[in-house]
Structure formats: C-alpha cells, structure tokens
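Participant: Residue numbers (my numbering): 1 to 288. Using N, Cα and C, we set each Cβ at its ideal position, and we do this for glycine too. Here's a structure for you.
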Amino acid sequence: MTAILDPSTAAPPRHRRLRITSLLSVTVLTVAAVLIVAPLVWALSTSLRTPATSFDQPPHWIPTHPVWSNYQAVFQKVPLGTFFLNSTLVTGLIVVGQLITSTMSGYAFAMVRFRGNKALFAVILATMMVPIQTTIIPVFLIIKYLGLTDTSMALVLPAVGGAFGTFLMRQYFLQMPRELGEAARVDGASHFQVFARIYAPMARAPMATLAVLTFAAYWNEFFRPLIFLQSTDKFTLPLGLVSLQGTLGTGSISIVLAGVVIALIPSVLIFIAAQRYFVEGIVAGSFR
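Shown next, in the form of structure tokens:
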C-alpha cells in the first residue's frame, strides 16, 4: 500500500535547507548585533552611575538610581562646547570637500574617456592600502611649510579628497545610462553641465552614504588632531575628551563615559536621518 504523505508535515528538502540557512543567518546576525551594541549599552549605563557602583559584580545593565550630574560634570571639567564647535567645523568642511571632489572624480572616471583612465584609477585605489602612519610625517612637513600647524585647516586640507569616496561614486555612476550624457553633449552641453544637471541629482543616495561614512570617520578621528594640534582651544572632541582621563585617578569613569556618550549623539542622529539613503547607496554600489 502506498503511503500518503501530508504536505504540511513533509516539506521539500530545498525548503528545509532554506529554513536552516535562514535560521543560521538570523542567529549569526543576532550574536553580532549583541556584541556590537553591548559596549554602547554598558557605556550609557555606566555614565548614569556613581563611581562606587561603576564596577559592581555582577554588572547591572540598568542603573536603579540614574546620576545625571555626571553629564553636568563633563562641561565643568573641560570646555566641551569649544571642542564640539571645533569638531563640527572640521568635520563639516571635510564632508563638503569629500562630496565635491569624490563626486566629480567618480563621474570623470566613470563617464569621461581619457588616456590612462584605468591606470590612474588603479593608482588612486592603491593609496587605500597605505597606512596613515606612513604618510603622516610628509603631510606634517607640508602643513608646517604652509604655516598651517595648530589650525583647523591642517586637518581639513589633507582630507578633502579620498580614494574610497572616488571608488564609491564611480561604481554608482557606472550604473547610470551613458545615453543621457551623450544626448546632452550632442545638444552642446559641456562635461560639467552634464555632471551638474543630469548625473549629480541622480546620485543623492551614494552622496548621502559617503557623507555619513565620512562624518563618522572624521568626527571620531584622534590620530591626526594629536599630531597637528597643540592649543587646547583648537582641540577637536575626541582629543579634548582625553583630558577627562585625569578623573580616572579618582575613580570617576562615569564622567569619562558621559563625555563619550555626548560625543556619540551627532553620529547617531545623522545616521538615523540619512538611513534610507545610506542603505540605498550601499546596495546600489554593490552591483557593478
């Protein structure tokens, strides 16, 4: 007698494999999310405790009596407003500079035919493999020669162009139809007019992606400000927050982490505001 199988109890092997793969993917992503978020939650939690309860065992992730005075103490111990304004100025100028240079260079490498296009692009990409420690001394000597040491421009000028931004924008422009630009060129438009009026408005998603990534990278930058800046009133936020480490001698790690949480707020807000364009730009740039 032939057994009759219930379709609801006998899933095809392919469906079972997909189900197992999905379960493994969700498990791996959940573990990764916990590992990434846990330090941030711990920092926020500890910033709301007293120094005496900062290292309780077992740790308490939710403070029972939040101490908001730790945030007030950050402003009392360091000129946080000055550091915040310096970081905003430096990071804002770098983001604007990278958007302009990377978008134009990405368009040129993707849409403009000229001799040595691929070779020059390969050289630019190769610079991504060079660590900043290798070039920091020559850059410092150039900055000193220009008389820009201990100024905001010492941080801005070397960072207004980037290989990653050029690569990202080129990948996106390669997916756009060339026919639009060719039709405009036939009508007498220059390359710059084609770029500014046709392709640049279509590249808002990758430009938002580049802006978010650039902001996150340079807002949290510590190494270059440490080398180029000497005056306290010129310090950026990450460099200025180092002075809070002096409170560790008295056990006030809560104040240090309160400063860290304050420094994280702009990056989080910008990512939330540009999240849709950020995801769209990352996905779009991965197909070419």
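(1) Over the uninterrupted alpha helix (DSSP H) stretch that includes Gln-230, give me the two end residues.
(2) For Glu-179, which of helix, strand or coil comes out of DSSP?
(3) Are there 16 or more other CB atoms within 10 angstroms of the CB of Arg-224, so buried, or fewer, so exposed?
(4) Can you give the beta carbon distance from Leu-226 to Leu-239, rounded, assuming they're within the 8 angstroms contact cut?
(5) Please classify His-15: does DSSP put it in a helix, a strand, or coil?
(6) Considering only the alpha carbon of each residue, which of Gly-259, Ser-254, Gln-275 and Val-123 lies closest to Pro-66?
(7) Enumerated in chain order, which unbroken segments of the beta strand (DSSP E) with a length of 3 residues or greater are wholly contained in the segment 92 to 151?
(8) What are the complete alpha helix (DSSP H) segments, minimum 4 residues, inside the segment 185 to 250?
(9) Check whether the segment 121 to 130 touches the segment 154 to 167, taking contact to mean three or more Cβ pairs, one atom from each stretch, closer than 8 angstroms.
(10) Using only the alpha-carbon positions, how far apart do Pro-39 and Asn-117 sit?
(11) Nearest to Leu-213 by CA position, among Arg-19, Ala-33 and Ile-94, is which residue?
(12) Among the residues of its own chain, which have a CB less than 7 angstroms from the CB of Ile-132, if the five just before and after it don't count?
(13) Is DSSP giving Ile-20 helix, strand or coil here?
(14) Quick one: measure Cβ to Cβ for Ser-261 and Leu-125, integer angstroms, because I've assumed they're closer than 8 angstroms.
(15) Flag this pair as yes or no: are the beta carbons of Met-307 and Met-176 separated by less than 9 angstroms?
(16) Quick check: Met-111 and Tyr-172, are their CB atoms within less than 9 angstroms of each other?
(17) Just mark Thr-290 as buried or exposed, buried being the case when its beta carbon has 16 or more other beta carbons within 10 Å.
(18) Thr-88 to Phe-215, Cα distance in whole Å?
(19) Do Thr-82 and Phe-235 come within 9 angstroms of each other at the CB atom, strictly closer than that value?
(20) Assign Ser-69 to one of three DSSP states: helix, strand, or coil.
(21) Would Thr-21 be called buried (16 or more neighbouring beta carbons within 10 Å of its own) or exposed?
(22) Can you give me the start and stop residues for the alpha helix (DSSP H) that Ile-272 sits inside?
(23) Out of Gln-98, Ala-274, Arg-276 and Ala-263, which one is the CA nearest neighbour of Phe-75?
(24) Use the C-beta contact count for Ile-142: other C-beta atoms within 10 angstroms, 16 or more gives buried, fewer gives exposed.
(25) Closer than 8 angstroms to a non-hydrogen atom of the ligand GTP - does that hold for the CB of Met-176?
Facilitator: Quick answer:
(1) Counted from its first residue, the sequence shown places residue 230 at position 230. For Gln-230, no alpha helix (DSSP H) segment is defined, and its DSSP state is neither H nor E.
(2) Counting from 1 along the sequence shown, the entry for residue 179 is found at position 179. The answer is helix: DSSP assigns Glu-179 an H, G or I state.
(3) What you label residue 224 is simply residue 224 of the sequence shown in a count that begins at 1. Residue environment for Arg-224: buried (at least 16 other C-beta atoms within 10 angstroms of its C-beta).
(4) The residue given as residue 226 occupies position 226 in the sequence shown. The residue given as residue 239 occupies position 239 in the sequence shown. So it is a contact: roughly 6 angstroms between Cβ atoms.
(5) Position 15 of the sequence shown, counted from the first residue, corresponds to residue 15. Here DSSP, grouped into helix, strand and coil, assigns His-15 to helix.
(6) Here residue 66 refers to the residue found at position 66 of the sequence shown. Closest in C-alpha terms to Pro-66, from the list Gly-259, Ser-254, Gln-275 and Val-123, comes Ser-254.
(7) Counting only runs of 3 or more, we get nothing.
(8) Taking only runs of at least 4 residues, the alpha helix (DSSP H) segments lying wholly in the segment 185 to 250 are 191 to 194, 204 to 219, 223 to 228 and 237 to 241.
(9) At 8 angstroms Cβ cutoff, the stretches touch.
(10) Here residue 39 refers to the residue found at position 39 when the sequence shown is read from its first residue. Here residue 117 refers to the residue found at position 117 when the sequence shown is read from its first residue. Straight across, the Cα-Cα distance linking Pro-39 with Asn-117 is about 44 angstroms.
(11) Taking the sequence shown and counting its residues from 1, one reaches residue 213 at position 213. The residue with the shortest Cα to Cα distance from Leu-213 is Ile-94.
(12) Here residue 132 is taken as the residue at index 132 of the sequence shown, counted from 1. Hits under 7 angstroms: Phe-223.
(13) Here the question's residue 20 lines up with position 20 in the sequence shown. It is helical.
(14) What you label residue 261 is simply residue 261 of the sequence shown in a count that begins at 1. What you label residue 125 is simply residue 125 of the sequence shown in a count that begins at 1. The sequence given here places Val at residue 261; Ser does not occur at that position. That pair is no contact at about 36 angstroms.
(15) Since the displayed the chain opens at 1 and closes at 288, residue 307 lies outside it and no answer follows.
(16) Against the sequence shown, residue 111 aligns to sequence position 111. Against the sequence shown, residue 172 aligns to sequence position 172. Cβ atoms of Met-111 and Tyr-172: not closer than 9 angstroms.
(17) Since the first and last residues shown for the chain are 1 and 288, residue 290 lies out of range.
(18) In the sequence shown, the residue the question calls residue 88 occupies position 88. In the sequence shown, the residue the question calls residue 215 occupies position 215. Distance between the alpha carbons of Thr-88 and Phe-215 is about 10 angstroms.
(19) Taking the sequence shown and counting its residues from 1, the one referred to as residue 235 is at position 235. Taking the sequence shown and counting its residues from 1, the one referred to as residue 82 is at position 82. In contact: Phe-235 and Thr-82 (Cβ atoms closer than 9 angstroms).
(20) In the sequence shown, residue 69 corresponds to position 69, counting from 1. Assignment of Ser-69 by DSSP, reduced to helix, strand and coil, places it in the helix class.
(21) Here residue 21 refers to the residue found at position 21 when the sequence shown is read from its first residue. That one is exposed.
(22) Here residue 272 refers to the residue found at position 272 when the sequence shown is read from its first residue. Taken as a continuous stretch (DSSP letters only), the alpha helix (DSSP H) holding Ile-272 covers 253 to 273.
(23) Reading the sequence shown from its first residue, position 75 is the one you call residue 75. Nearest to Phe-75 by C-alpha distance, out of Gln-98, Ala-274, Arg-276 and Ala-263, is Ala-263.
(24) On the sequence shown, residue 142 is found 142 positions in, with the first residue counted as 1. With fewer than 16 Cβ atoms within 10 Å of its Cβ, Ile-142 is classed as exposed.
(25) Among the components modelled here there is no ligand, and therefore nothing to report on the ligand GTP.
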